[in-house]
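In our numbering, the protein residues as written are 965 to 1398.
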Amino acid sequence: MPRDIEKQEADLFELYADDPDRADEVVFGRVPHDDRRGFLRGAGLASMGALLGAAIPFHRNMPAGFIPEALAAEPVKIEGKDGLTILNDRPVNAETPPHLLDDAVTPTARHFIRNNGIPPEDTDPKTWKLKIDGLVNSPMDLTIDDLKQKFEVVTHRLTIECGGNGRSFFDPPARGNQWTLGAVGCSEWTGVRLADVLKAAGVKDNVVYTAHVGADEHLSGNPDKLPISRGVPIAKAMNPYNLIAFGMNGGALHPMNGAPLRLVVPGWPGSCSQKWLTRVWLRDTVHDGPKMTGSSYRVPKYPVAPGQKVPKKDFEIIEAMPVKSLITSPKTGLKTSDRTLTVRGHAWSGDNAVSSVDVSIDFGATWMKADLAKPHNPYAWQQWSAEIKFPMNGYYEVWVRATDDAGQSQPFAIAWNPKGYLNNSMHRISVTVA
Ligand SMILES: Nc1nc2c(c(=O)[nH]1)N[C@H]1C(S)=C(S)[C@@H](COP(=O)(O)O)O[C@H]1N2
Ligand SMILES: [Mo]
């Protein structure tokens, strides 16, 4: 058994959450390159027992590959969410199909969910506390009312994209949530500027990095473990578009999107935007909390071939997200008798703005410019549209490619990396004209 799997065995709960197939393999001992699974015995039986919290008297009657009801995914309906595709229910992870992301401002019901742990139960905004500490002149303990009274309240449209969006297209595959296209959204967030709060606390000269802490629980239930705690270099933290947000689209934050308080650090991997925020800690070193080190939210410093093994020391932390675009209308698979078609969607690029969007209906041989709107504010995704004329009936693909103001454009092929991050290859849809 490879060593990394052995290590994972220690935390089967996490493995079931992260990669049910692999967990299944560990427990049932599937024969490699074979769909038959072994019987539940030995280490597999012990692991399953540990997972269920009890011995299994009739385990001999359990069919091979059987997932006990206690672990089986129940049909999930997430209150206040609509049309999302659920990738995992412990922890909850759900993405939005592209055609449901058509609005310039992503409705709360359509904003994706990426959870690494179990959201807190007590989320009363009246008693919620945020601590600002570490290398500051005056550490602060703030309620949400304090934030509203002491600092300017602002509203911005801010794009949040998970670093692993697009992972499902990796070949060889990468472990983790198999996001397709919809781990991205641009809601309208209301809050106070992180920079204003940090300035009020007095940032010491030797601060290098922030460290973000939330109130969600580690999947193991161990209260001493955080599911995730990431941070950003202090220069990025002071960007005026980072918000400590208590409002989403004119209402409250959705419980799965961090209610009652979260960070929104747009342009960088969504993981920087700590939900259920309880603490921002300033440090004189690059933060080393859970999911900051190893290969989490890190990519090789140099291009690697698909499947290539990369030593951990050659990974670097992902900073700005790459230029990307989506076709949100029509939905892929359109059958139409009309030779004229309007296609539209959004485009965004990390810390940059998008300067042009092009579409192709001939597999990239020729491109035409789409109309592109300016961002509503920095870090808001930009709307584009194009009117296409198909020369004759038949099967077409519409491809879209955005270019940002730094001259960076989207590739067709995926720049493969071991954990499946930063897939900004072009989005395409199929259209049949008949
Ligand atoms: N406390 C906490 N904050 C978190 C996470 C989490 O698991 N716990 N997930 C992060 C990741 S990986 C992403 S992509 C974004 C997703 O934000 P959303 O769920 O509101 O869409 O939240 C980030 N903030
Ligand atoms: Mo993420």
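Heads up, the beta-carbon is just placed ideally off N, CA and C, and yes, glycines get one too.
According to DSSP, Pro-1233 shares a beta bridge with Glu-1125. Looking only at Arg-1308, Asn-1186, Val-1117, the smallest Cα-Cα distance to Gly-1081 is reached by Asn-1186. In the three-state scheme derived from DSSP, where H, G and I count as helix and E and B as strand, Ile-1198 is classed as helix. With contacts defined by Cβ atoms closer than 8 angstroms, Leu-1225 and Ile-1124 do not form a contacting pair. Note on Asp-1322: 16 or more other CB atoms within 10 angstroms of its CB, so buried under the neighbour-count rule. Taking all protein chains shown into account, Phe-1022 has fewer than 16 neighbouring C-beta atoms within 10 Å of its C-beta and is therefore exposed. Taken through DSSP and simplified to helix, strand or coil, Lys-1299 comes out as strand.
Between Gly-1155 and Gly-1234, the gap from beta carbon to beta carbon reaches 8 angstroms or more.
Shown here for Gly-1271: same chain residues with a beta carbon closer than 7 angstroms to its own, the five before and five after excluded, namely Pro-1136 in chain order. Taken from the Cβ of Gly-1128, at least one heavy atom of ligand 2 lies inside 7 angstroms. Straight across, the Cα-Cα distance linking Leu-1241 with Val-1177 is about 6 angstroms. Where Asp-1066 is concerned, there is no enclosing alpha helix (DSSP H), because DSSP gives it neither an H nor an E.
For Gly-1098, the distance from the CB to the nearest heavy atom of ligand 2 is not below 7 angstroms.
The alpha-carbon of Ile-1050 is positioned some 15 angstroms away from that of Cys-1126. When only Cα atoms are considered, Gln-1372 and Val-1307 end up about 23 angstroms apart. Here Met-1332 is exposed, its C-beta having fewer than 16 other C-beta atoms within 10 Å.
Shortest gap from the CB of Gly-1146 to any heavy atom of ligand 1: 7 angstroms or more. Lys-1276 has its alpha-carbon roughly 39 angstroms from the corresponding atom of Thr-1296. Taking 8 angstroms as the cut-off, the beta carbon of Ala-1034 is found no closer than this to the beta carbon of Leu-1009. Taking the Cα of Phe-1133 as reference, the smallest distance to any Cα among Ser-1293, Leu-1106, Gly-1384 is reached at Gly-1384.
Here the alpha carbons of Ala-1058 and Asp-1160 stand approximately 33 angstroms from one another.
Here DSSP, grouped into helix, strand and coil, assigns Leu-1106 to strand. With 16 or more neighbouring CB atoms inside 10 Å of its own CB, Phe-1076 falls in the buried class. The beta carbon of Thr-1292 is closer than 7 angstroms to those of Pro-1062, His-1063, Leu-1065, Asp-1066, Arg-1308, Gly-1309, His-1310 in its chain, skipping five residues each way along the sequence. For the pair of segments examined, the segment 1138-1157 was found to touch the segment 1111-1120: the number of CB pairs separated by less than 8 angstroms reaches three. Rounded to the nearest angstrom, the gap between the Cα atoms of Leu-1207 and Ala-1175 is 15 angstroms.
Its chain contains Trp-1232 as the residues whose beta carbon lies nearer than 7 angstroms to that of Glu-1283, once the 5 sequence neighbours on both sides are disregarded; these appear in chain order. Here Lys-1299 is exposed, its C-beta having fewer than 16 other C-beta atoms within 10 Å. Sixteen is the threshold: when 16 or more other Cβ atoms of the shown chains lie within 10 Å of the Cβ of Thr-1367, as they do, the residue is buried. Closest in C-alpha terms to Ser-1319, from the list Leu-1162, Arg-1303, Val-1287, comes Val-1287. In this structure Thr-1304 is in contact with Lys-1353, their Cβ atoms being roughly 6 angstroms apart against a cut-off of 8 angstroms.
DSSP lists no beta-bridge partner residue for His-1023. Here DSSP, grouped into helix, strand and coil, assigns Asp-1278 to helix. In the three-state DSSP reduction, Gln-1346 falls in the strand class (E or B). Just so you know, the alpha carbons of Ile-1325 and Ser-1301 end up roughly 16 angstroms apart. Per DSSP, the unbroken beta strand (DSSP E) holding Lys-1288 starts and ends at 1287-1293.
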